[in-house]
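Chemist:
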Amino acid sequence: MHVTFGSAPPCTKTEAGQLWFDMLRRGLHLCDGRDWITMLQVKERLDYIEDYQDLYTNSETLDMEIFEIPSNGLFMATANKKPHPGSGIYKWKNGRFESYQNITTHQAQAWKYFTIGEKIFLAVANFEKNEQNQEVSVIYKWNRRKLKFVLYQTITTHNARDWEAFQIEQETFLAVANHRQGDNHNIDSVIYKWNPETTLFEVNQTISTSGAYDWEFFTIGPYSFLVIANTFNGVSTRIYSCIYIWLGGMFRLFQSILTFGATDWEVFQIGQRVFLAVANSQNYDQQGVSSYAINSTIYEMNITAQIFVKFQDIETYRENIHYSSLQRPLVVPMASSRAVHKNSIVHDALLVFWGPPCCKEGSTWQLGGIGRDKRPAILHITFIQRMAIDTSNSPHRWRSGSAAALK
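Just remember that my numbering sits 1 ahead of the position in the sequence shown, which is counted from 1.
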């Protein structure tokens, strides 16, 4: 009897009648002299996700941000399309998220929660102009007396898609992804720096982008990086997205990676290995040919070469990507907004699992399961108990928070 971990042993006339037990898939197989015939095999579980709460939002929801305010509890901000009543902030109470505050937004794309010392902020990326015909995104500050978020600073943006907040050498930065200005997708996205004297964010650096969609900040050892997802240059989605490294008080180009309508970057680490995954959305060129079935790619940092190299392609359909190392149950709300026919909204969630803990390095990514629902403007809050990369229909993101904090 052969016992292996995933790889099939030879099956020839010599091995005819022998048994093979696959420890990875827990299957028992019999060699017929040419092929291994499955005798017994445990069926793959596809029930890792279960509905917990259906949350009706003010309008179509493009993003959410889960955060905890010390001494006040757990909150979730949803980025909603319509300006009135605007985007919602929900508070976890009695085992459920309940409506807490509404904030006027203008086709909000994303929220970003961050702190500076004891100050608590929440920034929204607005895609449309406000009532005064201004293109602005807004930073709100938590008011400890009112126990509400109040307007703190408005910043001129252009079809803003995303905010990224980060710290370098104890200084706080805020980067906005400007998608386009009018019909021009080739514009600057801006990195702002907190000025402790004026207590405001001020322009620190501009970076040329093309249909910018998402910023992702990460560190490797002592080095700080910022990567942009460029989506469209006005002609094609087949363009370079760029990784920048912090050197000499500013971000400098580190590496350019060819992407296809990139909508999201996610960095994660497995052991000592650092990976960077990009979600490609579509392949569109001057001839108007568009394909939504396209590979999204995972890159790995090659420490010797000091560059990210391709690790693996995964076929996706306009996906965004999120990585979670699940050592304990995690709550994962999913934004829903893509209408496919009248009064219906479809959202597909593809779970990709890194092999079991016993797997050796280099194990392939394994598909886990598909979740689908058809309800108008609903967020589904679910529990997952596996290490996973979670993706949902572009341009929407998944956000996560600890379920332990909900108990």
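Every residue gets a Cβ at the ideal spot worked out from N, C-alpha and C, and that includes glycine.
#1: Classify LYS94 as helix, strand or coil using the three-state DSSP reduction.
#2: Kindly indicate which residue of THR79, TRP37, SER225 has the alpha-carbon position closest to the one of GLY18.
#3: Where in the segment 7 to 86 do unbroken runs of the beta strand (DSSP E), each at least 3 residues long, occur, reported from the N-terminal end onward?
#4: Between THR232 and ILE188, what straight-line distance do the alpha-carbon atoms span, to the nearest angstrom?
#5: For a quick check, are the C-beta atoms of TYR193 and PHE174 less than 8 Å apart?
#6: So ASN185 is in the beta strand (DSSP E); what residue range does that whole segment cover?
#7: Reducing DSSP to helix, strand and coil, say where LEU148 ends up.
#8: With H, G and I counted as helix, E and B as strand and the rest as coil, what does DSSP make of TRP399?
#9: Taking only the alpha-carbon atoms, compute the straight-line gap between CYS12 and GLN270 and give it to the nearest angstrom.
#10: Quick one: which unbroken alpha helix (DSSP H) runs of 4-plus residues sit fully inside the segment 207 to 259? Chain order, please.
#11: Between the C-alpha atoms of THR62 and PHE202, what's the straight-line distance to the nearest angstrom?
#12: Whole angstroms are fine: how far does the CA of ASN284 sit from the CA of LYS149?
#13: What are the residues that DSSP puts in a beta bridge with LYS194?
#14: Here's the rule I'm using: 16 or more other beta-carbon atoms within 10 Å means buried, otherwise exposed. How should HIS186 be labelled?
#15: Grab me the residues of ILE104's own chain with a C-beta within less than 6 Å of its C-beta, minus the 5 sequence neighbours each way, in chain order.
#16: Please state whether the Cβ-Cβ distance between GLY262 and ASN234 is less than 8 Å.
#17: On the three-state DSSP scale, how would you describe ILE296?
#18: Using CA atoms only, rank isn't needed, just tell me which of GLN168, ARG97, GLU66, LYS83 is closest to LEU123.
#19: If you compare alpha carbons, which of GLN102, GLY28, VAL191 is closest to HIS85?
#20: Quick check on the DSSP output: the beta strand (DSSP E) that includes THR116 runs from which residue to which?
#21: Start and end of the beta strand (DSSP E) containing PHE167?
#22: Using the Cα positions of SER225 and ALA178, report the straight-line distance between them to the nearest angstrom.
#23: Could you check the C-alpha separation between GLU316 and ALA294 for me, to the nearest Å?
#24: Keeping to the same chain, check which residues put their C-beta closer than 7 Å to that of PRO223; ignore five residues upstream and five downstream.
Modeler: Straight from the coordinates:
#1: strand
#2: TRP37
#3: 20 to 23, 28 to 32, 37 to 42, 51 to 57, 62 to 70, 74 to 81
#4: 12 Å
#5: yes
#6: It is not in any beta strand (DSSP E) - ASN185 carries neither H nor E in the DSSP assignment.
#7: coil
#8: Summary for TRP399: the model assigns pLDDT 35, below 50, so the residue's position carries little reliability, and this model does not support an answer.
#9: 38 Å
#10: none
#11: 27 Å
#12: 43 Å
#13: PHE174, GLU203
#14: buried
#15: GLY87, SER88
#16: no
#17: The displayed chain sequence assigns Asn, not Ile, to residue 296. Here ASN296 sits in strand by DSSP.
#18: GLU66
#19: GLN102
#20: 109 to 117
#21: 161 to 169
#22: 18 Å
#23: 7 Å
#24: none
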